[in-house]
Structures are given as structure tokens and as C-alpha cells.
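K.L.:
Residue numbers (our numbering), protein chains in the order written: chain A, 1 to 551; chain B, 1 to 551.
2 protein chains.
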Amino acid sequence: MKQEELQFIPLGGLGEVGRNMMVFGYEDRYIIIDCGVQFPDNSMIGVDYIIPDMQFLQGKEDKILGIIITHAHEDHIGGLPHLFDVLNNVPIYATPLTAGMIEVRLARAGKLTKTKINVKKAGEEFDLGKFHIETFHMTHSIPDSIGLAITTPAGLIVVSGDYKFDPTPIDNWPSDFAKLAELGTRNVLALFSDSTNSERPGTTPSEKDINKAFEEVFVNARGRVIISSFASLISRLQQLSTIARRHHRKICIVGTSMVDNVNLAKRLGYLDLPDEWVVTLEEALHLPDKEVLILCTGSQGEPTSIMGRLSTGKYYAFSIKEGDTVMLSSNPIPGNEERVSAVINRLYRMGANVIYNSLLSVHVSGHACQEEMKLLINLVKPEYFIPVHGELRHLYNQAKIGELMGIPKNRIFVVENGQTIKFHHGKARLAEQVPASMVLVDGTNVGDMNLDIMHQRERLADSGVIVITLMLDKDHHGLIRDPQIIHYGLMSGKETPDIEEDLRRTIIEYCGKKNSTGTNNIEKNIEQIVRKFIYNTTHRSPWVIVNPFYF
Amino acid sequence: MKQEELQFIPLGGLGEVGRNMMVFGYEDRYIIIDCGVQFPDNSMIGVDYIIPDMQFLQGKEDKILGIIITHAHEDHIGGLPHLFDVLNNVPIYATPLTAGMIEVRLARAGKLTKTKINVKKAGEEFDLGKFHIETFHMTHSIPDSIGLAITTPAGLIVVSGDYKFDPTPIDNWPSDFAKLAELGTRNVLALFSDSTNSERPGTTPSEKDINKAFEEVFVNARGRVIISSFASLISRLQQLSTIARRHHRKICIVGTSMVDNVNLAKRLGYLDLPDEWVVTLEEALHLPDKEVLILCTGSQGEPTSIMGRLSTGKYYAFSIKEGDTVMLSSNPIPGNEERVSAVINRLYRMGANVIYNSLLSVHVSGHACQEEMKLLINLVKPEYFIPVHGELRHLYNQAKIGELMGIPKNRIFVVENGQTIKFHHGKARLAEQVPASMVLVDGTNVGDMNLDIMHQRERLADSGVIVITLMLDKDHHGLIRDPQIIHYGLMSGKETPDIEEDLRRTIIEYCGKKNSTGTNNIEKNIEQIVRKFIYNTTHRSPWVIVNPFYF
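1. Are at least three pairs of beta-carbons, each pair with one atom in the stretch 65-76 of chain B and one in the stretch 157-171 of chain B, less than 8 Å apart?
2. On the DSSP letters alone, give me the boundaries of the alpha helix (DSSP H) that residue 56 (chain A) sits inside.
3. Determine the closest residue to residue 243 (chain B) out of B:421, B:354, B:34 and B:215, with distance taken between C-alpha atoms.
4. How many angstroms separate the CA atom of residue 168 (chain B) from the CA atom of residue 298 (chain B)?
5. Should residue 442 (chain B) be flagged as near chain A, meaning a C-beta pair shorter than 8 Å?
6. Could you name the residues of the same chain whose beta carbon sits closer than 8 Å to that of residue 474 (chain A), not counting the 5 residues immediately before and after it, in chain order?
7. Anything in chain B within Cβ reach of residue 385 (chain A), meaning under 8 Å, just list it in chain order.
8. Specify the secondary structure class of residue 337 (chain A) as computed by DSSP and reduced to three states.
9. Measure the C-alpha to C-alpha separation of residue 544 (chain B) and residue 531 (chain B) and round it to an integer number of angstroms.
10. Would you say residue 503 (chain A) faces chain B, with C-beta separation under 8 Å as the test?
11. Check whether the Cβ of residue 50 (chain A) lies closer than 8 Å to any Cβ atom in chain B.
12. Buried or exposed, going by whether 16 or more other CB atoms sit within 10 Å of the CB of residue 219 (chain B)?
13. Closer than 7 Å, Cβ to Cβ, to anything on chain B: give me those residues from the stretch 330-352 of chain A, in chain order.
14. Counting only beta-carbon separations shorter than 8 Å, does residue 277 (chain B) have a partner in chain A?
15. Would you mind telling me which residues of chain A sit closer than 7 Å to residue 297 (chain B), beta carbon to beta carbon, in chain order?
16. Using DSSP bridges, identify the partner residues of residue 456 (chain A).
17. Going by C-alpha distance, which of B:234, B:152, B:247 and B:144 is nearest residue 128 (chain B)?
18. Assuming the contact rule is C-beta atoms closer than 8 Å, residue 420 (chain B) and residue 7 (chain B) should be a hit. Round their C-beta distance to whole Å, please.
19. At a CB-CB cut-off below 7 Å, which residues of chain B make contact with residue 311 (chain A)?
20. Buried or exposed for residue 316 (chain A), going by 16 or more other Cβ atoms inside 10 Å?
21. Residue 238 (chain A) by DSSP, collapsed to three states: which one?
22. Do residue 384 (chain B) and residue 97 (chain B) have their C-beta atoms within less than 8 Å of each other?
23. Whose C-beta lies closer than 6 Å to the C-beta of residue 431 (chain A) among residues of the same chain, with five residues either side of it excluded?
24. Scan the stretch 527-549 of chain B for residues whose Cβ lies nearer than 8 Å to a Cβ of chain A and list them as they occur along the chain.
25. Mark residue 495 (chain B) as exposed unless 16 or more other C-beta atoms lie within 10 angstroms of its C-beta, in which case mark it buried.
26. When DSSP labels each residue in this structure, what does residue 311 (chain A) get in the three-state scheme?
27. Classify residue 322 (chain B) as buried or exposed, calling it buried when 16 or more other Cβ atoms lie within 10 Å of its own Cβ.
28. Inspect the beta-carbon positions of residue 489 (chain A) and residue 465 (chain A) and report whether they are closer than 8 Å.
29. Could you name each continuous alpha helix (DSSP H) segment of 4 residues or more that falls completely within the stretch 70-131 of chain A, going from the start of the chain to the end?
30. So that I know if they touch, is there some Cβ in chain A lying closer than 8 Å to that of residue 41 (chain B)?
31. Helix, strand or coil, according to DSSP, for residue 420 (chain B) in the structure here?
32. Give the range of the beta strand (DSSP E) segment to which residue 396 (chain A) is assigned.
33. Using CA coordinates, which residue listed in A:250, A:194 and A:437 is at the minimum distance from residue 279 (chain A)?
34. CA-CA distance, residue 33 (chain A) and residue 261 (chain A)?
35. Are at least three pairs of beta-carbons, each pair with one atom in the stretch 351-363 of chain B and one in the stretch 376-396 of chain B, less than 8 Å apart?
36. What does residue 388 (chain A) reach in chain B if we use C-beta pairs closer than 8 Å?
In C-alpha cells form, the structure reads like this:
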């Protein structure tokens, strides 16, 4: 029997190769791994988030066997509501906590009926057509994360998922080294491995390593302790509430997403937080300051988050006061540095004792560093090595690690989204490109937010807009009224009326003169006159709309 | 004789307290220290840079004795052309290299006749009215930097300037420890000290510490070496060209600002780069790849810089090719991280071997870390300690260091721009506020770019604009033509004409109905109708302009 090719298709994400979605195909049947969103960079004005390009999947509905989700972070599940605009009745496979969080997401988006969520515990195996899937536990910054071993007639491939090798995780559940070692005996054709921290030497510290810093903060805190972190960082919430209990502080959780995650994690047994230790915000505000820990979102300085609003004094329920210890238990995600720094400055201004990672180790990364990457390669012993999950710079640097480990250069592939790889008879090669552009989402609109609009907005943002409305005589092209001038984002201040008046006079003069030449290019000419006039007066180049009406 | 008060007035800068400008006053006579610009953060769309608020100085021309510039970085000299819009005939005092760079700046701005630049070598003393100024050398990331000791009848104050204690600077000219120790014996009333790195423990590595990494890069480079850094980082250029010569590479400097600085520094003896080692770009491109070092600007990923254009393949003179070693010898300034990362990704894509600080130590900070701050306090022994040069977070953290060193808390002042401090009979107190808002500069316009305009632009950027022009019957308010719809940055794509048509019909319908009620609020009502319609159709909230004309 002729062996078919196994196809790898990385999709999605702003520069993040395969982070948000990867597809594997065999005999024209496909499995999808993860479906997440990416957040825009600062230059992408007005874009809410970015989802993977789903063109490749469109029309393949009956050929897609299932969607496997490795863990419940936004950049791995956030695109699911959009996926079900394109696909119907494709089942999801995920571990219990991941499944629970997906359910919440899809219910909110009204898409729960579009799929069936199948719960598979880490360690379980199942078949999707000719794909045999083995799941195995990997430690990461959210519990119940998994990696995947996928056996196909073309060979066995291993997907690391987002991972680090935390030797002492908060939930005492380390990565499944035994499984990884066992996979290493089975001739792994290719390893697809998380590249996020490939530029960092050594190993990522354990979640437990930051306990010491937390203890120090709780020992020294004279008043309330208010801590923001990621809503999905269940292990951090576990850690902080355990320490809070030891220091006789009740725990108050603020913010819908965090409350939802905590309740789900408690219900499923991923979080040990007895009810008698939890108080409402109302109750917390009436307790002595020394008996309270408030946990909330907003560690990235998001203006509408609880911490964002606390820092600007705009949170309705309470305010930061002198004596508060306020901690941001996270690092700024690249692009958020300025925003986070502004929050820190404002909290200092309010008199808080502010704690963040530049001062004290109150956050660790959830991703493997170089030594862990080497360990993974040594365990899995792949024929081919394909760095994924990272920007190109991270992929290249994990590729270097692969080379250092003795994998021949021609068996290491650095590819970008849309560049497929085919495996056949144990050999890999670059194959065709599939569409993999960024799909920008603004509001609830998918796709019709495109680069054109973004560039138009950039231009508006850069210099504003000016609209000139002209009422003209149909026959002679003379003005029958004074030109009307509206502008926005262009100028303000005392001299503005004068500039407007001068511009009006300039246009009237031109229209008077022009009459003699009888040109038809009045719109274009006046646009140029306005552009020149505004540039000379203000050194700006707004978008100029000339709007003539003929009577 | 009654002793007057000595007044300290920190001005200027986006959150950077006193970085860009500080003023000291005594008996209604003033001296200015530095006059720089700050670059906007990513949220300040369309702002080119920010200058200090000069309201306090306006009308005081004949009371300002001089402007002392501590070093030639943009954030300390860049505001001078604007200062001379407000002041005339106020002399500048600066060290030779600083004076040379100021001269170039002012000549370019056509402001050279507005002032006299007085050259004072580090170590020289001079009087400005009752202010006696002693200058002393401090190491920083540009040669010829100074700190100041200023004696007034109200006491002796010390200004650190931007500094680090580099024990092995490239120019072999360490900080003037003897002078600092001597000041420590003279009852220093107050120390104004650089806070930039107050969150970093230890000491900042020496410029010479990165020699090893540079050697490694040059030893391993197979083809051309192309390095970008700050145009003013003369010591880095010295270091790199010395190593290049050792490796038999000719040196090619590209970009006006870097060429200007190199020529000036060579002429004044701050850079040792024999002419026979320098080649033009034309010559460099004809030399064997192994014999070339190209130095250029753009280490912050600026799109119009040489490195920015090289990374997008838009530099006219040459292109990056496989085998090139490309180094960014700098760290991203906060806010530039995404842009720099994009440049790195693009350079990898072009096949270059990319070297940057996450991989190899190819840059060190120019500012003191915590241990150096402690040393400065131990040397100068001030009565009062006033952290400056940093965001509030950095000031608070240097204040903590002051406390740790035994300075009583009530003798440490953390103030923001505009909050003055007065010294009288050896005691300091907070005094009045003076205007110190951010003055935004866009193009060549100062000040009339204000927060209003910025917010209007933000709104335009966020959702675009739609203009509805209506021709109405004066008496009955009926439409005499179909409404005209123009939009920008709002929507594009196939369904756009349909949406426009629906909106047009909705407006026509409303105008037909409205006739019967005869309301006059047509503009407001239609604005609301359009807003609602657009929100329902696109989930966006553009700026809506309704523009009615009556006939």
C-alpha cells in the first residue's frame, strides 16, 4: 500500500509561528491543534485581536476529525468562537480544566451547540481517524496542560505544547518525564517544540521559587495586600491564598474572569481554597486592613481592568490608600511596558508600597529556557526538529540549540505560518504555501477590519482630517456659497479661526480666478490648494476631503 | 543681611522628573541646567516629541544668567532650539564636545545667533551672578559629561548629571572621585541624583566589559559586519573601530548624524580613528566582505533609520545578504520593544546572523545602579537627598536607597515636575507649584498640538470617521437631494456599498417622517441615527459629522 504524506500546516498569529493554531493532515483528513488569538502590537491602532487565517479549513468541514486543545490560555483557545463561524460539528478534545474553560468561553459566545467537548485526562489516548493521539502532562503556567504524541502511518510526531520543566510545581504534578523517555524509544519522526524563551540560558525558575518573595511581602505588609495577576494563573492564586491563610488574611477575589476561573478550578479540584477563607469585596472592605488579601486582574495595566482602574482612582468600589501593599505578580508582555510602568507610577503617587518583578521575584515565566529545551530533545530524540511557538527570532535560536544537540542542519526546519512541511517515507521537505495572513478583529467584526482600514486610521491618527464642502454653480463652477470647513484632530487654539478664515479666502480666490480657465479639475485642484495651505500654516498633512455639490 | 531662599524647579519631560530641564533660583536670578526633549509613548499618536514647559521662564529673560548643559544627549540638549523661541541672549556653558554638538544642533535650527556658547572644560569653575559653578567629570555613555557643584549664599548643592561610575571607561577618563570626596567635606546642602537604574541592584558593567562579546563576534564573522548603535555613543564607536582595525576591517560610517558626530569627536580629540582606516560606503561595498565593518544608526528600530530601512530592504545603497553579521549594540528604550523585535525578525528572515543583547552582552547602560548610588551618597554626604532623572517609580526607589544610607526620611524629597523646593537657613521645604505640563511638538508646531487634538486623533484612529452631507429645504426641512456619505478608516470590503445604501435609505426615511413633526434638531437626530446604524451594522463608533445645508 502506498504510504501517504503527513502534512504540517502552521497557522495564525502575529509573528507567532504556530502558536495559535497548527494543523496536521494525512490522506486528506485533518486534526487541528489549538485555536487561539493574538493581541495586536501598538502600531495596530483600533484592532482588538488577531485570529488565525481559517481559509485553509473552509470547505473541509467533513474532513476535519477534531480539535485538540493543549491548555486554556487565550492564545490557544480564544479563537474557538470564530472557528465555529467557519466549521460546524467538529468535536473538541481537552483535559478537564481546559474543557471547563472552553465551555465558559463558548457559552458566552453562544456557540456551545456548535461542537461537542470531549474530556480526556492527561495520559489518555484516543483515535481520530488514522491519527492515534496520546496525551501527556507538561507543566506550564496553567494547570492541566498537555503535550501530544501523534502516531500516523507516516510516523510518530511529538508536540510539546507550551511547557516548562517545573520540578516543584504548585500542584505537585511534574511533567510526564516517563512518557517523554518512552517516546524517545519509539523513533520519533519530528518534534514540534515551544521556542518562546530560546534566547534565555539556563532553566526557568519553578513556581515555588517565588514563594520566598511572597512570604517577605506578607511579613512586611502593614495594611491591605492587593495583588493582580493573570486570571488564568490558577497556580499563582493557589500559592497566594495558601500564604494569605498562613498570615491570617481572608481572600477576596475581584473581577468576573478571575472569579469564574476560581470557581471552575475549585469545582474541578484544581484549586484548594476553603469557602470559609473567601470573603466578598463588601466584607473585605469592612475587615481590618491587616486581615485582607485582594486578588484581581490587570497586571498588564489594561485600562479597564480592576488594577488599571484602581491606579487611576476610577474603581467604583474602593481606592488605593497609603499603607496598601500593591503587587503586580507578572511581567509586562512585550508592548505593554509603558502601560504597566504608568500604572506603577500612579500607584506610587497614591502612597502604596508597590511590588513588581524589577524589585522582587514575584513572577516566573511559564516557558522552558535553553537547558530545558536541550533536555526535551535528549528525551524525545527526534529525527527532525521543528521549532514552533515564537517569533522568527525565537525559532532561529531554538534551531541553533537543535544544531548544538547534534541534529543535522538539514533536519531542522524554521518555517513561518502558511509554509507547510510534508513527511514521506521518513523524510521531510518544504511543501506548498497556504493562506496564513493575519485576520484582524475589531468589535465583533471579523476580517472586514483589514490593512487598508488600518492604514487609513493610522493616517487619521497621524494628522487628523479636514473636510471642505463646496456649493458650486453647475454652469460656471462659481461658488454659490462660502466654502464650509470642518476639521478634527488637526488644530485647536487661539489662532484656529484665523487659519480657517485665511483658508476660506484662499479657496474663494481660487474659485474666482478659475472661472476664467473653466477647468473641471476643481476637486483635485482645491484639494492641492488646501493641502499646501495647511502644510504651510501648520506643517501637518491631514486627510483632505473636498466635497463639491453642483446646483 | 537677610539670606534669601534658594529655589529648585524641576521641569519637563514625560514622567521624567527634571531629566530634561532643572532651574535653580536665588534672589530672583536663575540658572537653567539642561534643555532636552522626551520621546512620546506609543499612546501619544502623532506627537513627534515633548519639550519642557517654558512658561516659568517666559518674561524672565533678563533674570536668567545662563544655561549649563551637562552632556550632549538629546534628552538634555534637544529642547534648546525651542528655548530660544522664548529667550534671547542667554549664554550656554558646556564642555568642548557638548558645545560642539550643541553648535551643530543650533546651526541646523538657524538659532546660532540667539546665544553664545561658552566652552568650559570639566574641572573648570565660573560665576553666574551669585551662583558659583564648579564642573567635574562623570562617566556616562557619551564623553565629556559633567556633574555640577553649585555654591550659593544659601548653601552648596551637587547635581550628579546622568552618570555611572565606570572604572574602566573607553577613553580611560574615570569619574572625578577626588572632587566628589572633596565636596563631601564642604557640607553639601542637597544632592540631586540620577535615578534611572534605581531598581537595579549591583553596579552597571563597564563599557570595556563588552569588549569580549565584540571580539567573539569579530572572530566568528564570515562576511560583512554591520552594527547599529546610538549616533552619540562615541565610546562604542571607538571600541568597535579599534576592534575592527585589529581584525583588519576598514570602517565605514553611514548616516548623517553619526558621520557628523564622528567628525566632530575626531576634530576635538575624543575619537581616535585614523583616516586611512575609514572608507566610504561605495568603497566598502567593493571591498571583500571579510574586510568591512559598517556602522550605522537605527538600533531602536526607527523605520526611517539606516538599520530600519535595511531590515525592510528599502535602503537604496545596499541590502542585507546571507553571511552578514548584523548587530544591534543597544537595548530597546521602553516602548520600542516591538519595533526592535520586528527588525530582528526581518534580519533573520534575510539570512543574517543577528546579534543583540538578549543573546550576547553587546550593550551596557550608561546609568548608575544601586551600589553606585550608594557610593555617590557616601562621597558627597548631603544633608538633603533629592532623586531626579527618572519616572516616579525610579525616584521612589532611589529615595529608599537614601533611607537605607541613613538619610532621615524627612530630608528626602520625591517631587514631580513643577513642584518647587525652597532651601532657607539650611532647611528645605516644599514650595509652590509652577506650570509644568507636557508641551507636545508635532512637525514644527509647538504647543498648539495639545491633548484635545491628541484625543480627537485617538478617536479617529480607533474607529474612523463618517461625514453625512444633507441638502435641505429651508422651509420644510425636507431633503432636496439624496444624502451624501463619505467615510474613512471605517469599513471596506464587498458589503460596503450595501451598508452605505441602507444608511442612505434610513436617513431619507427619517427625513420624510420628520417633516410631519417639524423638529429643528435634525442635525442631532440624524447624528444619533447614523451612530446607531453604524454600531448595529459594524459594531464600531466612528466620529460622525452631520453637515446640513439649507436652501
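Even glycine gets a Cβ: it sits at the ideal position worked out from N, Cα and C.
P.N.:
For this structure:
1. In short, these stretches touch, since the Cβ pair count reaches three.
2. The residue given as residue 56 (chain A) occupies position 56 in the first sequence. Annotation: residue 56 (chain A) is outside any alpha helix (DSSP H) and is labelled neither H nor E by DSSP.
3. Numbered from 1 along the second sequence, position 243 holds the residue referred to as residue 243 (chain B). That would be B:215, whose Cα lies nearest to the Cα of residue 243 (chain B).
4. As a first step, residue 168 (chain B) must be located in the second sequence, where it is residue number 168. As a first step, residue 298 (chain B) must be located in the second sequence, where it is residue number 298. C-alpha of residue 168 (chain B) to C-alpha of residue 298 (chain B): approximately 27 Å in a straight line.
5. The residue labelled residue 442 (chain B) in the question sits at position 442 within the second sequence. Closer than 8 Å: yes.
6. For the purposes of this step, residue 474 (chain A) is taken as residue 474 along the first sequence, with counting starting at 1. Within the same chain, residue 474 (chain A) has close Cβ partners 550 and 551.
7. In the first sequence, residue 385 (chain A) corresponds to position 385, counting from 1. None at all; the shortest Cβ gap to chain B is about 17 Å.
8. Sequence index remark: in the first sequence, residue 337 (chain A) carries index 337 (1-based). When secondary structure is reduced to three states using DSSP, residue 337 (chain A) falls in the helix class.
9. If you number the second sequence from 1, residue 544 (chain B) lands on position 544. If you number the second sequence from 1, residue 531 (chain B) lands on position 531. Take the alpha-carbon of residue 544 (chain B) and the one of residue 531 (chain B): they are about 7 Å apart.
10. Within the first sequence, the letter at position 503 stands for residue 503 (chain A). Judged by the 8 Å Cβ criterion, residue 503 (chain A) is not in contact with chain B.
11. By 1-based counting over the first sequence, the position of residue 50 (chain A) is 50. So no, residue 50 (chain A) is outside the interface.
12. As a working note, residue 219 (chain B) is residue 219 in the second sequence. Under this definition residue 219 (chain B) is an exposed residue.
13. Against chain B - using a Cβ distance shorter than 7 Å - the residues of the stretch 330-352 of chain A are 334, 335, 337, 338, 341, 344, 345, 348 and 349.
14. Translated into the one-based positions of the second sequence, residue 277 (chain B) becomes position 277. It does not; no Cβ of chain A falls within 8 Å.
15. Counting from 1 along the second sequence, the entry for residue 297 (chain B) is found at position 297. Those within 7 Å of residue 297 (chain B) in chain A number zero; the least Cβ separation is about 20 Å.
16. Here residue 456 (chain A) is taken as the residue at index 456 of the first sequence, counted from 1. According to DSSP, which records beta bridges pairwise, residue 456 (chain A) is partnered with nothing at all.
17. The count along the second sequence starts at 1 and reaches residue 128 (chain B) at position 128. Taking only the C-alpha atoms, the option nearest residue 128 (chain B) is B:152.
18. Here residue 420 (chain B) refers to the residue found at position 420 when the second sequence is read from its first residue. Here residue 7 (chain B) refers to the residue found at position 7 when the second sequence is read from its first residue. The beta carbons of residue 420 (chain B) and residue 7 (chain B) sit about 6 Å from each other, so the pair counts as a contact at 8 Å.
19. By one-based count along the first sequence, residue 311 (chain A) stands at place 311. Per Cβ cutoff of 7 Å: no residues; residue 311 (chain A) is ~12 Å from chain B at best.
20. Within the first sequence, the letter at position 316 stands for residue 316 (chain A). It counts as exposed.
21. Taking the first sequence and counting its residues from 1, one reaches residue 238 (chain A) at position 238. Residue 238 (chain A) sits in a helix when the DSSP states are folded into three classes.
22. Counted from its first residue, the second sequence places residue 384 (chain B) at position 384. Counted from its first residue, the second sequence places residue 97 (chain B) at position 97. Between residue 384 (chain B) and residue 97 (chain B), the CB-CB gap reaches or exceeds 8 Å.
23. Translated into the one-based positions of the first sequence, residue 431 (chain A) becomes position 431. Cβ within range, chain order: 420 and 422.
24. Along the stretch 527-549 of chain B, going in chain order, the ones with a CB nearer than 8 Å to a CB of chain A are 538, 539, 540, 543, 545, 547 and 549.
25. Here the question's residue 495 (chain B) lines up with position 495 in the second sequence. Flag for residue 495 (chain B) reads exposed.
26. The residue you call residue 311 (chain A) lines up with position 311 of the first sequence. It is helical.
27. In the second sequence, residue 322 (chain B) corresponds to position 322, counting from 1. So residue 322 (chain B) counts as exposed.
28. Locating residue 489 (chain A) in the first sequence gives position 489, where the first residue counts as 1. Locating residue 465 (chain A) in the first sequence gives position 465, where the first residue counts as 1. Yes, the Cβ-Cβ distance between residue 489 (chain A) and residue 465 (chain A) is below 8 Å.
29. Secondary structure in the stretch 70-131 of chain A: the alpha helix (DSSP H) runs of 4 residues or longer, each lying completely within the stretch, are 74-77, 80-86 and 96-108 in chain order.
30. Locating residue 41 (chain B) in the second sequence gives position 41, where the first residue counts as 1. Closer than 8 Å to some Cβ of chain A, the Cβ of residue 41 (chain B) qualifies, so yes.
31. Counted from its first residue, the second sequence places residue 420 (chain B) at position 420. Residue state for residue 420 (chain B) is assigned as strand, using DSSP reduced to three classes.
32. Numbered from its first residue, the first sequence carries residue 396 (chain A) at position 396. Where residue 396 (chain A) is concerned, there is no enclosing beta strand (DSSP E), although the alpha helix (DSSP H) it sits in stretches over 392-404.
33. For the purposes of this step, residue 279 (chain A) is taken as residue 279 along the first sequence, with counting starting at 1. It is A:250 whose Cα lies nearest to the Cα of residue 279 (chain A).
34. To locate residue 33 (chain A), count along the first sequence from 1; it is residue 33. To locate residue 261 (chain A), count along the first sequence from 1; it is residue 261. Spanning the two alpha carbons is a distance of roughly 23 Å.
35. The stretch 351-363 of chain B, when compared against the stretch 376-396 of chain B, does not touch it at the 8 Å Cβ threshold.
36. As a position in the first sequence, residue 388 (chain A) is number 388, starting the count at 1. Here the premise fails: no neighbours, minimum Cβ distance about 15 Å.
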